[in-house]
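S.K.: I'd like to ask some things about the structure below.
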Amino acid sequence: MAGARGGRSSPRGARGSRGDGGSRGDGRWLVIKLVHVYYALGAVLSAVAWQSLRAAAPGPRWRRFTTAAFWQLLALLFLVGDLLPKAVAGGVVLALAALAGSGSVGLARRAQPARGTAAAADAAGAAGAAPGAAAVDSSAAAAAAATGAALGNRLLVPVLLIPLGALAGTLGLARVHLQGQPLLEPAQATLVSLGLACALALAVALRLTGERPATAISEGRRLLDAIGWAALLPILLATLGGVLTQAKVGDAIAGLVKAAIPMDHRAVAVIAYGSGMALLTMIMGNAFAAFPVMTAGVGLPLLVELHGADPAALGAIGMLTGYCGTLMTPMAANFNIVPVALLGLRDQYAVIKAQLPTALPLFVANLVLMYLLAFR
187 MAGARGGRSS PRGARGSRGD GGSRGDGRWL VIKLVHVYYA LGAVLSAVAW
237 QSLRAAAPGP RWRRFTTAAF WQLLALLFLV GDLLPKAVAG GVVLALAALA
287 GSGSVGLARR AQPARGTAAA ADAAGAAGAA PGAAAVDSSA AAAAAATGAA
337 LGNRLLVPVL LIPLGALAGT LGLARVHLQG QPLLEPAQAT LVSLGLACAL
387 ALAVALRLTG ERPATAISEG RRLLDAIGWA ALLPILLATL GGVLTQAKVG
437 DAIAGLVKAA IPMDHRAVAV IAYGSGMALL TMIMGNAFAA FPVMTAGVGL
487 PLLVELHGAD PAALGAIGML TGYCGTLMTP MAANFNIVPV ALLGLRDQYA
537 VIKAQLPTAL PLFVANLVLM YLLAFR
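Residue numbers (the numbering used here): 187 to 562.
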């Protein structure tokens, strides 16, 4: 997880430098660092864990404890992960995987009203919910719909503030200095700006809707409960990409490709690189994680050095080829599994099945474009 929290090259040193010697005169205490964003994330996840523990949900009571434990363990890594010994942090990650793999994460949801209040009440009663739970859910949904109709397009303001705020922070705040020190941590200015933009968007959303901050936590818990363990995948997969790169997996893949396929033919090398990008992306769930492995192992030595491919064109089209794998794998949870959970689809592979007719022709087209454009 230390790698997933990017930017802390010396984990203990990062947290140990909160005050950098305790001096406030040099302005270093004013610098907004990525670690501060991690503290905020950890605090939110801790609140989610507490609400999960206290939630009145149907189903076995033990699920409240396992769900709360999952989110609190994840919060622990954000809050004090750099203070934990590596073995302990690894044990926490294994515990997260065990909780997720055993299906112990997530609270049962009450049946949603479908055919009138009576039917909803019957469904809620059959599920073990408290009397009147369906009516409460129905009234809450009606209130949310009324608020949405009243606000209209103004609801888009907080959404747009996140990318615009991140851009403004990267281009503007990153250049601001106070007492001789940068306002934002220079090496992580973009990520810090993204965190600040999210905080600003939250404040604006609360102002627009008139809701309390506690509502944001409760709705966040509901959303995380719908997503479940899949919320952890992007973090772990990003870490996996760094681990594979450091382990020289790309070199091993290059050796296997050279031994199995004649690399003297340019078209064969292109197919090997493109297919490897798509397949490794399907395995890892992330084209960004697959790209350094395949490019360092196959793209650069075989296509650039041996066949003289243009690195810029090869890299750009290679990434697009990897994205074709993203469209076809459940490992890309944020694209293919989370929407299923949020939309309540019965088929967990419904999104992937809908994307296959696009992904396969696009994969072939990328191979053709790579062959035509990378060797001009």
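For glycine and all other residues, C-beta sits at the position ideal for the given N, C-alpha and C.
Please report how far the alpha carbon of residue 469 lies from the alpha carbon of residue 347, in whole angstroms.
M.R.: Each residue's alpha carbon lies about 34 Å from the other.
S.K.: Taking only the alpha-carbon atoms, compute the straight-line gap between residue 263 and residue 239 and give it to the nearest angstrom.
M.R.: Approximately 19 Å between the Cα atoms of the pair.
S.K.: State the DSSP-derived secondary structure class of residue 370, mapped to helix, strand or coil.
M.R.: The answer is strand: DSSP assigns residue 370 an E or B state.
S.K.: For residue 451, does the three-state DSSP call read helix, strand or coil?
M.R.: It is coil, neither helix nor strand.
S.K.: Starting from residue 543, follow the alpha helix (DSSP H) in both directions and report where the run begins and ends.
M.R.: Here the alpha helix (DSSP H) through residue 543 covers 536-559.
S.K.: When every heavy atom of the ligand ADP is checked, does at least one fall within less than 7 Å of the C-beta of residue 518?
M.R.: Absence of the ligand ADP from the depicted structure is noted, as is the absence of any ligand whatsoever, leaving it without description.
S.K.: Take residue 485 as the anchor and find which of 472, 285, 408, 463 has the nearest alpha-carbon.
M.R.: That would be 463, whose Cα lies nearest to the Cα of residue 485.
S.K.: Can you tell me whether DSSP reads residue 493 as helix, strand or coil?
M.R.: Correct three-state label for residue 493: coil.
S.K.: In three-state terms, what does DSSP make of residue 231?
M.R.: Here residue 231 sits in helix by DSSP.
S.K.: Would residue 378 and residue 218 qualify as a contact pair, given that the criterion is a beta-carbon distance under 8 Å?
M.R.: Yes, these two residues count as a Cβ contact at 8 Å.
S.K.: Helix, strand or coil: which one does DSSP assign to residue 523?
M.R.: DSSP places residue 523 in coil when its eight states are reduced to three.
S.K.: Kindly confirm or deny that the segment 414-434 and the segment 472-483 touch, where touching means at least three C-beta pairs closer than 8 Å.
M.R.: At 8 Å Cβ cutoff, the stretches touch.
S.K.: Determine whether the beta carbon atoms of residue 523 and residue 483 lie at a separation below 8 Å.
M.R.: Cβ atoms of residue 523 and residue 483: not closer than 8 Å.
S.K.: Within this structure, are the beta carbons of residue 515 and residue 471 separated by less than 8 Å?
M.R.: Closer than 8 Å, so yes.
S.K.: So which of 560, 283, 266 has the shortest CA-CA distance to residue 421?
M.R.: Per the Cα distances, 283.
S.K.: Determine the direct distance from the alpha carbon of residue 529 to that of residue 260, and round the result to whole angstroms.
M.R.: Near 25 Å, if we compare the C-alpha coordinates of residue 529 and residue 260.
S.K.: Since residue 352 and residue 383 should fall inside the 8 Å C-beta cutoff, what is the C-beta to C-beta distance between them, to a whole number of angstroms?
M.R.: The pair is a contact, with the Cβ atoms about 5 Å apart (cut-off 8 Å).
S.K.: Contact between the segment 444-458 and the segment 387-403 is defined here as three or more beta-carbon pairs at a separation below 8 Å; is this criterion met?
M.R.: Judged by Cβ distances under 8 Å, the segment 444-458 makes no contact with the segment 387-403, as fewer than three pairs qualify.
S.K.: Considering only their Cβ atoms, is the gap separating residue 416 from residue 540 smaller than 8 Å?
M.R.: Contact: no.
S.K.: Would you kindly work out how many angstroms separate the C-alpha atoms of residue 265 and residue 255, rounded to a whole number?
M.R.: Near 15 Å, if we compare the C-alpha coordinates of residue 255 and residue 265.
S.K.: Residue range of the alpha helix (DSSP H) that residue 365 falls in?
M.R.: Here residue 365 belongs to no alpha helix (DSSP H), and DSSP marks it neither H nor E.
S.K.: Who are residue 218's beta bridge partners in DSSP?
M.R.: Answer is 370, bridged to residue 218.
S.K.: Assign residue 301 to buried or exposed, taking buried as 16 or more other Cβ atoms, counted over all protein chains shown, within 10 Å of its Cβ.
M.R.: Only weak support exists for where residue 301 lies, its pLDDT of 40 falling under 50; the coordinates are left without a value.
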